[in-house]
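Only one structure is covered here, and it is reproduced in the block below.
Residue numbers (full-length UniProt numbering): 1 to 213.
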């Protein structure tokens with residue numbers, strides 16, 4: 001089963017972006033303070049469509065999935081913790097998915113899974129705005145997603161809790177099938193492939209924003 005799953009993962013993202021073995025995967029498997037364990041593979045998709053196809057392969061291959069951005073967190077939530085999963089672990093690194101799109105002249109931002117706080121600072125600075133969080137780990141690549149998940153500090157102290165208004169996400173339904181849920185509030189089409197490719201390319205108009213769910 002593991003060989004077949006690895007073959008599918010390589011087909012989804014390219015062989016060069018599927019890492020296996022202790023040495024190649026170490027920096028992804030180990031957390032800053034704690035968290036360490038074996039993985040079947042570290043997968044590094046370069047597009048949202050590649051991410052979707054890698055997730056499909058992992059779900060259909062019966063693997064446990066750990067999604068990781070910058071791995072700068074201190075809670076151990078983005079690394080394996082021991083060898084207790086009872087099935088292969090696929091760790092998906094989103095670092096190559098680093099796009100940031102401004103909406104409504106910068107009143108809102110749409111960040112892909114690997115977007116960093118440092119880059120968001122750079123994008124917002126000309127608009128006289130700051131990210132939800134300006135923290136020490138920004139300079140070592142902390143992600144926007146991680147900052148939202150952990151409700152982190154810095155500039156947040158002046159502004160109150162950070163939160164995500166809209167999101168596009170994948171979930172496994174009751175029948176074990178992977179589904180794409182578009183709650184971005186942006187009309188991007190119907191099927192997963194169309195939605196993800198249009199989103200990645202910024203292929204939507206101002207009229208599409210607010211026209212979705």
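All residues carry an ideal CB built from backbone N, CA and C; glycine is no exception. Source: prediction; values computed, not measured.
C-beta atoms of residue i and residue j nearer than 7 angstroms
i	j	result
residue 2	residue 70	no
residue 178	residue 172	yes
residue 168	residue 145	no
residue 52	residue 196	yes
residue 103	residue 209	yes
residue 98	residue 125	no
residue 50	residue 13	yes
residue 80	residue 37	yes
residue 100	residue 109	yes
residue 57	residue 6	no
residue 68	residue 93	yes
residue 32	residue 95	no
residue 55	residue 200	no
Terminal residues of the beta strand (DSSP E) in which residue i lies
i	result
residue 179	178-183
residue 97	No beta strand (DSSP E) holds residue 97; DSSP gives it neither H nor E.
residue 24	Premise fails: residue 24 lies in the alpha helix (DSSP H), 22-29, not in any beta strand (DSSP E).
residue 110	108-111
Neighbour-count burial assignment, residue i, 16 or more Cβ in a 10 Å radius
i	result
residue 34	exposed
residue 128	exposed
residue 19	buried
residue 118	buried
residue 72	buried
residue 63	buried
residue 4	exposed
residue 29	buried
residue 205	exposed
residue 82	exposed
residue 147	buried
Counterpart residues of residue i in DSSP-defined beta bridges
i	result
residue 2	BP columns for residue 2 are empty, so no partner.
residue 167	183
residue 116	143
residue 65	90
residue 209	186
residue 103	108
residue 235	Because residue 235 is not part of the residues shown, which for the chain are 1 to 213, the question remains open.
Residue i - containing alpha helix (DSSP H), residue span
i	result
residue 39	No alpha helix (DSSP H) holds residue 39; DSSP gives it neither H nor E.
residue 192	192-201
residue 49	48-60
Per the contact definition of three or more C-beta pairs closer than 8 angstroms, is the region 81-88 in contact with the region 43-50? The region 43-50 makes no contact with the region 81-88, as fewer than three CB pairs between them are under 8 angstroms.
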